[in-house]
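So for the sequence shown, the numbering used here puts the first residue at -5; every next one is plus one.
Every residue gets a Cβ at the ideal spot worked out from N, C-alpha and C, and that includes glycine.
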Amino acid sequence: MMLKKFFRNNYSQSMIAWMISIYIKFCYHTSSWIIKDESNIKHLIASKKKIIICFWHSRLLMAPLCWNFSKEFYMLISSHADGRLISKAVSHFQISTITGSQRKKKISSTKEIIKKIKNNQIIGITPDGPRGPKMKSKTGISTIANSFQATILPLSYSARFKIKMKSWDEFLFVFPFNKFVIVWGNPINSNDSINDNNHAKIVENELNRITKLSDNLVK
């Protein structure tokens, strides 16, 4: 009980988030990085299209360092305690967050997402978050993309030295002095002729493809 209170305390969360950010930076600077198909995101940014980046919840840890572009990036993060911790951690990488999940906050976050997309700002979403099932895309991301003619671009990464945690998403914990591979997927355009369920399945399949590819490339 005391431990739960500690982790939910704002000061404690800020301290832990800072430590996480230091660890992420340490992993980054002591490791080699390979980026596959980066031209996909470069072309999209140059096209000035509306963009939604998506990645599985399990690949959240190093996701902030996959974004090395000057264009501002916003991540949708749950309002749960772990979500607040992640939000504080990514703030150390000049990444802004939008809080979602709970009913009132979900409505507020949806309005904020719509505002950002209309302004051609880039949003990052975990389509299987915040509670799964893992690596299964919910329809929310497709509904937003189809409503505002946004292009979804899947993103994944992997590391040679890693542990899959015993969490619902099998969260990927990585180590320093590592080999990382980032893979940008194929753009998925909005399509009014495809319903949201089928569109979400396309997103899911592409995310799973590049996740498997990144896992294979680090071996």
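Cβ separation of residue i and residue j, assumed to be a contact under 8 Å, to the nearest whole Å
i: L55; j: I92; result: Wrong, their Cβ atoms sit about 19 Å apart, outside the cutoff.
i: N172; j: S15; result: Incorrect: roughly 17 Å between the Cβ atoms, too far for contact.
i: P181; j: L70; result: Incorrect: roughly 19 Å between the Cβ atoms, too far for contact.
i: G77; j: P127; result: About 18 Å separates the two Cβ atoms, so there is no contact after all.
i: I35; j: V175; result: Actually they are not in contact, since the Cβ atoms of I35 and V175 sit about 15 Å apart, beyond 8 Å.
Cα-Cα separation between residue i and residue j, rounded to whole angstroms
i: K109; j: A139; result: 13 Å
i: M(-5); j: I196; result: Residue confidence is low: M(-5) scores 48 on pLDDT, short of 50, so the model does not pin down where it sits. No coordinate-derived value is stated.
i: F167; j: W178; result: 20 Å
i: R203; j: N185; result: 21 Å
i: I146; j: E198; result: 11 Å
i: L(-3); j: N3; result: At L(-3), the pLDDT of 45 sits below 50, so the modelled position is not reliable; the number obtained from the coordinates is stated separately. C-alpha separation (whole angstroms): 10 Å.
i: D190; j: A83; result: 32 Å
i: Y22; j: N114; result: 29 Å
i: M13; j: H74; result: 19 Å
i: N183; j: M159; result: 33 Å
i: K206; j: K213; result: 11 Å
i: K156; j: M129; result: 18 Å
i: R154; j: K43; result: 34 Å
i: Q88; j: Y5; result: 20 Å
Residue j beta carbon less than 8 Å from that of residue i
i: S41; j: Y68; result: no
i: C48; j: P121; result: yes
i: S112; j: F142; result: For clarity, residue 112 is Lys in the given sequence; the question names Ser instead. The answer is yes: Cβ separation under 8 Å.
i: F165; j: S52; result: yes
i: S150; j: W50; result: yes
i: I46; j: A144; result: yes
i: I116; j: K65; result: yes
i: S152; j: S208; result: yes
i: L201; j: P148; result: yes
i: A57; j: S131; result: no
Span of the alpha helix (DSSP H) around residue i
i: W12; result: N4 to H23
i: I157; result: That residue, I157, is in no alpha helix (DSSP H); its beta strand (DSSP E) goes K156 to K158.
i: S136; result: G134 to S141
Limits of the unbroken beta strand (DSSP E) element including residue i
i: A153; result: T145 to A153
i: L38; result: Taken as a continuous stretch (DSSP letters only), L38 belongs to no beta strand (DSSP E), being part of the alpha helix (DSSP H) at S33 to S41.
i: S26; result: S26 to K30
i: I176; result: K173 to W178
One or two residues paired with residue i in a DSSP bridge
i: T91; result: M69
i: I204; result: DSSP, once it has assigned bridges, lists no residue as partnering I204.
i: C48; result: I119 and P148
i: V168; result: K156
i: I243; result: A query on residue 243 cannot be resolved here, the shown segment of the chain reaching from -5 to 213 and no further.
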